[in-house]
Amino acid sequence: MREFEYCRARSVDEVLRWLRDGTDSKLLAGGQSLLGAMKLGLMAPERLIDLQGLAELRGCAATAGGELQLGAMQSHASLARHALLRGLVPGLARLASHIADEQVRSQGTLGGSLANADPAACWPAGMLALGATLVTDRRELPADEFFTGFFSTALEPDELLCSVRLRRPRRFAYAKFEQAASRFALVGVALAQFDDGAVRVALTGGAHGVQRLPAFEQALGQRFAAEALQGLKVDAALMSSDVHGEADYRAHLAGVLAARVVQDALTLEST
Amino acid sequence: MLEFRVNGRPCRLELGNASLLVDALREPLGLTGTHQGCDTAQCGACTVLLNGRAVKSCNVLARQAEGADVGTIEGLAAPGEWHALQLAFSRHHALQCGFCTPGMLMRALAMKAEGVPPEPAAVRQALAGNLCRCTGYEGIVAAICEWLGAEHA
């Protein structure tokens, strides 16, 4: 790894000052993806800004409006075990508990995963399906606008993701077909149904970053049952081909997983 | 200057910012019980405790541990003594070449705080980030279950 300047931020203002002073800076949350990329030379920032000391980026609490607010610096492991999250959206806590392995989960963070927008990551699919609001230092972005493609988000170069807010769904479930070594999703499908009957379905593991499956949403909005998806297919053009699987195989898996998450959502209800 | 505590002992090190926690432990501090295996956060041989949480020290900067408590295999038991977990590994033949063992022990130690129940399926899931190419895991899982069960009793 090439040498860099290391700064541990004491406030959000300090983060923003460093992001704007002309030095090529990267934010360091848990580092579980970033450090791997730096070791491979895929990234070589001049400065890392460590966010671990920012208490305002932590927490998991219900808001006055009845929504749930999750701090960007909460680790996957802490959210997997969080009683409030497990109570309100058990499927989301379950999603967190199946990211990578415990050592990575104890260090990796929600905000790091969302801002990195790895096309095979789990959190982006969950937040897109839930229609979550991503709260930055200056604005609130709906998940539909936040994720803009392959490792790509709407965040400005000097913008900091602070927390995520979500409303409680009637049902939520997520399933992935794991790439056996990394436990990233070869394909993953997240699904949320809300009290008004609306359904949102998000696909991860695709070629263009996380995205919704409108035809699946419509079918499930009319009838929330696995059978409602019969005849629907995920377009192989959404998927990529590599050593782990061809695009048509992944597209097939996505359809199978979609039917499975409907079943899971019916058994794993929000309480 | 990096300051942190390793196995309860305050340490001050001159290190480059790009140094990984595993490098800080193994080289300046000579704590070579923490093994560097894959260097890609997959094998778990470099697992240590960072403020009580099991982490892969090949995927954490030494700087990230500034001010923290780091626990390594060397701190498990006093010289000449054995930790109950080590004795359980011995009883169950839970190692062969031994390369993964420090990481396995540190991982197992954190399972208690996580509330992992002393059941093989739960322990196997909790151990997903630690690879062993010798034993087939049977002895490791049995040893950890025995220790977790005894500690819970």
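For the protein sequence lines, the chains are A and B, in the order given.
Sequential numbering of the first sequence, starting at 8, is according to my numbering.
Sequential numbering of the second sequence, starting at 1348, is according to my numbering.
No residue lacks a Cβ here, since even glycine has one placed at the ideal position from N, Cα and C.
| field | Nearest-angstrom Cα separation, counted from A:V269 out to A:A232 | value | 6 angstroms
| Is A:Q225 helix, strand or coil by DSSP? | helix
| request: Please decide whether B:K1459 counts as near chain A, where near means a Cβ-Cβ distance under 8 angstroms. | output: no
| said: Can you look up B:T1394 in the DSSP assignment and give me helix, strand or coil? | reply: strand
| field | Within 9 angstroms of chain A by C-beta, residues of the segment 1362-1383 of chain B in sequence order | value | G1363, N1364, A1365, S1366, L1367
| Chain-order list of residues whose beta-carbon lies under 6 angstroms from that of B:L1378 (same chain, five-residue window excluded) | L1372, T1419, E1421
| message | Going by C-alpha to C-alpha distance, which of A:A197, A:V250, A:D144 sits closest to A:G262? | response | A:A197
| said: According to DSSP, is A:K240 part of a helix, a strand, or is it coil? | reply: coil
| field | Presumed contact (8 angstroms Cβ cut-off) between A:A280 and A:L117, rounded CB distance | value | Look at the range of chain A in this structure, 8 to 278, and you will see that residue 280 of chain A is not part of it.
| message | Under DSSP, the alpha helix (DSSP H) around A:E163 begins and ends at which residues? | response | Unbroken run through A:E163: none, as it is neither H nor E.
| message | Distance check for A:A128 and A:E253, CA to CA, integer angstroms please. | response | 19 angstroms
| request: Please list, in chain order, all residues of the same chain as A:E224 whose beta carbon is under 7 angstroms from its beta carbon, the five residues on each side excluded. | output: V206, R207, V208
| field | Buried/exposed call for A:D31, threshold 16 Cβ in 10 Å | value | exposed
| said: DSSP has A:P149 in a bridge; who is on the other side? | reply: A:T140
| field | Unbroken beta strand (DSSP E) run spanning B:V1402, endpoints | value | 1400-1403
| C-alpha gap between B:G1414 and B:R1352, whole angstroms | 7 angstroms
| field | Interface flag, B:L1408 vs chain A, CB-CB below 8 angstroms | value | yes
| said: Just to confirm my understanding: we take A:A107, look at its own chain, exclude 5 residues before and 5 after, and list those with CB closer than 6 angstroms. What are they? | reply: R190
| task | Answer yes or no: the CB of A:R24 versus the heavy atoms of the ligand SAM, is any distance below 7 angstroms? | result | Within the structure as shown, the ligand SAM is missing, as the structure has no ligands at all.
| request: Within its chain, find whatever has a CB closer than 6 angstroms to the CB of A:H83; leave out the 5 residues flanking it on each side and keep chain order. | output: A103, I106, R112, G115
| said: So that I know if they touch, is there some Cβ in chain A lying closer than 8 angstroms to that of B:R1480? | reply: no
| task | Between the Cα of B:V1402 and those of B:P1375, B:L1368, B:A1425, spot the shortest distance and give me the residue it belongs to. | result | B:L1368
| Within this structure, are the beta carbons of A:L260 and A:V217 separated by less than 8 angstroms? | no
| message | Threshold first: 4 residues or longer. Then list the alpha helix (DSSP H) segments lying entirely within the segment 1399-1445 of chain B, N to C. | response | 1431-1438
| What three-state label does DSSP hand B:V1463 in the structure shown? | coil
| request: Can you give me the Cβ contacts of A:A51 inside the same chain, cut-off strictly under 6 angstroms, excluding the 5 residues immediately before and after it? | output: R9
| How is the alpha helix (DSSP H) around B:P1357 delimited, first residue to last? | First-last for B:P1357: 1356-1360, but that is the beta strand (DSSP E), not the alpha helix (DSSP H).
| Taking contact to mean at least 3 C-beta pairs separated by less than 8 angstroms, is the segment 149-157 of chain A in contact with the segment 176-190 of chain A? | no
| query | For the segment 1438-1454 of chain B against the segment 1350-1364 of chain B, are there 3 or more C-beta pairs whose distance is under 8 angstroms? | reply | no
| query | How would you write the range of the alpha helix (DSSP H) that A:A258 sits in, first residue to last? | reply | 254-274
| request: Pull up the DSSP beta-bridge partners for A:F201, would you. | output: Its beta-bridge partners do not exist; DSSP assigns none.
| Can you tell me where the alpha helix (DSSP H) with A:G43 in it begins and where it stops? | 41-46
| task | Indicate whether at least one CB of chain A lies closer than 8 angstroms to the CB of B:R1471. | result | no
| message | Could you check whether A:L137 and A:V19 sit closer than 8 angstroms to each other, using their CB atoms as the reference points? | response | no
| request: Confirm, please, whether the CB-CB distance from A:Q81 to A:R65 is below 8 angstroms. | output: yes
| said: Restricting to Cα atoms, I'd like to know which of A:E63, A:R101, A:C67 is closest to A:D180. | reply: A small correction: the amino acid at residue 180 of chain A is Ala; Asp does not occupy that position in the sequence shown. Ranking A:E63, A:R101, A:C67 by Cα distance to A:A180 puts A:R101 first.
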